[in-house]
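Engineer:
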Amino acid sequence: MLVGGSAAVAAGVDVEFVIDPMQSELEVTAGVSFFSGSDTQALAGTVNALLDFGGGADFPSVAELTVTSGNVMPTGNYLITIAGLQTVRINDAAADITTLNPPGTMTQMAGTNVTYQFDAADLSVSLNQGTVIATGLAESTVDLAAEPVTNSAPAGTFGSIEFTAVTTSGPYRTIAAVMTLPIELQDTIDVNGVMVNVTAAGVVVADASFVIALPAIATDFDMNLSVDADDLAIWQSNFGLPASATTATGDADGDGAVSGGDYLLWQHDNGLAPPAPAAAAVPEPTAALLAAAALAVAIVRGRRSA
Ligand SMILES: [Ca+2]
Ligand SMILES: [Ca+2]
Numbered sequence: 003m004l005v006g007g008s009a010a011v012a013a014g015v016d017v018e019f020v021i022d023p024m025q026s027e028l029e030v031t032a033g034v035s036f037f038s039g040s041d042t043q044a045l046a047g048t049v050n051a052l053l054d055f056g057g058g059a060d061f062p063s064v065a066e067l068t069v070t071s072g073n074v075m076p077t078g079n080y081l082i083t084i085a086g087l088q089t090v091r092i093n094d095a096a097a098d099i100t101t102l103n104p105p106g107t108m109t110q111m112a113g114t115n116v117t118y119q120f121d122a123a124d125l126s127v128s129l130n131q132g133t134v135i136a137t138g139l140a141e142s143t144v145d146l147a148a149e150p151v152t153n154s155a156p157a158g159t160f161g162s163i164e165f166t167a168v169t170t171s172g173p174y175r176t177i178a179a180v181m182t183l184p185i186e187l188q189d190t191i192d193v194n195g196v197m198v199n200v201t202a203a204g205v206v207v208a209d210a211s212f213v214i215a216l217p218a219i220a221t222d223f224d225m226n227l228s229v230d231a232d233d234l235a236i237w238q239s240n241f242g243l244p245a246s247a248t249t250a251t252g253d254a255d256g257d258g259a260v261s262g263g264d265y266l267l268w269q270h271d272n273g274l275a276p277p278a279p280a281a282a283a284v285p286e287p288t289a290a291l292l293a294a295a296a297l298a299v300a301i302v303r304g305r306r307s308a
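Numbering-wise, our numbering comes out as the position in the sequence shown, counting from 1, plus 2.
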């Protein structure tokens, strides 16, 4: 009743992360027997994630990450010369990313920022678009759609998502997120009888922005995240409503009426507010805000159970 009285909590938020080519690159190495060469390209594309923080709070200690789709592509073509004997060119490549079943677990890391870490081994990466063209010892063209290179990163290779509060408006908060995703691929491609070992390793950094609903305080009747005289005015104007009252009309204790008991709750909560400006221009670490919100909820809960 007291918590989540406004919109639903931030469970299952669909978020599109846009890959930052300035921070994302993939190095592809191709080799035959003892010779190898490599090339590096910047990456572009998007990663679509379902972020599930569960119910009851903005960010618990453990959450779930489901990468529902993702498309990672180099901004150019790879040209790999192997000891002057062989040239491997990878044209128009792109890799799909999804989460292996079940969803990956994200664990909140210690620190001032809200950062979650997840095991990159929970993700499946498939280099399945483009062509591998070999010239030299062997000449052949391999369609990656027909022979995809599929892997996940080794267990213990971690990615992370860092969340920063950007603005708060009413019961909603806009969150900026940065996902750092390690990618590792390894396969052997048969190029006309010559076995070409292909490995790819790099990092994807992707940005996103989304909105979550904040836990509500029952005495914040106008749901602007602070309990003050404006809320008292709402209670006063509706005092005596015998039934069908709601939080928005001054019923803080959920009994359907606006009465003296609701005033006592308002009096207790009067002055409750987030400790940071509602529309900070500079992103603030969210931990303090979230801790304050949790504290406010705890105060309300504690008072009710007392
Ligand atoms: Ca208010
Ligand atoms: Ca009431």
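Each residue gets a CB set at the ideal place from its N, CA and C atoms; glycine is no exception.
Just to check my reading of the structure: Val213 and Gly273 have Cβ atoms closer than 8 Å, yes? What is that Cβ distance to the nearest angstrom?
Structural biologist: As a first step, residue 213 must be located in the sequence shown, where it is residue number 211. As a first step, residue 273 must be located in the sequence shown, where it is residue number 271. In fact, because the Cβ distance is near 26 Å, the residues do not count as touching under 8 Å.
Engineer: Might you give, ordered along the chain, the residues of its own chain that have their beta carbon closer than 6 Å to the beta carbon of Val180, omitting 5 neighbours on each side?
Structural biologist: One-based indexing of the sequence shown puts residue 180 at position 178. These residues qualify, in order along the chain: Glu164, Asp209.
Engineer: Any heavy atom of ligand 2 closer than 8 Å to the beta-carbon of Gly263?
Structural biologist: Residue mapping note: residue 263 aligns to position 261 of the sequence shown, counting from 1. For ligand 2, at least one heavy atom lies less than 8 Å from the Cβ of Gly263.
Engineer: Output the boundary residues of the alpha helix (DSSP H) element that contains Asp264.
Structural biologist: Walking along the sequence shown from the start, residue 264 turns up at place 262. Where Asp264 is concerned, the enclosing alpha helix (DSSP H) stretches over 262-271.
Engineer: Suppose you measure from the CA of Arg91 to the CA of Gly195; what does that come to, to the nearest Å?
Structural biologist: Your numbering for residue 91 matches position 89 in the sequence shown. Your numbering for residue 195 matches position 193 in the sequence shown. If you take the alpha carbons of Arg91 and Gly195, they lie about 17 Å apart.
Engineer: Can you name the start and end residues of the alpha helix (DSSP H) that Gln25 belongs to?
Structural biologist: Start at 1 with the first residue of the sequence shown, and residue 25 comes out as number 23. Counting along the chain, Gln25 falls outside any alpha helix (DSSP H), and DSSP gives it neither H nor E.
Engineer: Residues bridged to Glu164 by DSSP?
Structural biologist: Working through the sequence shown from its first residue, we reach residue 164 at position 162. Paired residues: Thr117, Val180.
Engineer: Take Asn50 as the anchor and find which of Phe37, Gly56, Phe36, Ser71 has the nearest alpha-carbon.
Structural biologist: Here residue 50 corresponds to residue number 48 of the sequence shown, with the count starting at 1. When only C-alpha atoms are compared, the closest one is Ser71.
Engineer: If you pair each beta-carbon of the stretch 72-90 with each one of the stretch 131-139, do three or more pairs fall below 8 Å?
Structural biologist: Judged by Cβ distances under 8 Å, the stretch 72-90 makes contact with the stretch 131-139, as three or more pairs qualify.
Engineer: What residue ranges within the stretch 172-248 form continuous alpha helix (DSSP H) runs of no fewer than 4 residues, ordered along the chain?
Structural biologist: 231-240, all fully within the stretch 172-248.
Engineer: For Thr109, which of Thr152, Leu81, Val64, Tyr174 has the nearest alpha-carbon?
Structural biologist: On the sequence shown, residue 109 is found 107 positions in, with the first residue counted as 1. Thr109 has its Cα closest to that of Val64, out of Thr152, Leu81, Val64, Tyr174.
Engineer: Beta-carbon within less than 7 Å of Asn73's beta-carbon, same chain only, minus the 5 sequence neighbours each way: which residues are those?
Structural biologist: As a first step, residue 73 must be located in the sequence shown, where it is residue number 71. Gly47, Thr48, Ala96, Asp98, listed in sequence order.
Engineer: Mapping the DSSP letters down to three states, classify Thr101 as helix, strand or coil.
Structural biologist: Taking the sequence shown and counting its residues from 1, one reaches residue 101 at position 99. Thr101: strand per DSSP, three-state reduction.
Engineer: Could you tell me if the beta carbon of Asp16 falls within a distance shorter than 8 Å of some heavy atom in ligand 1?
Structural biologist: Within the sequence shown, the letter at position 14 stands for residue 16. Checking every heavy atom of ligand 1 against the Cβ of Asp16, none is found closer than 8 Å.
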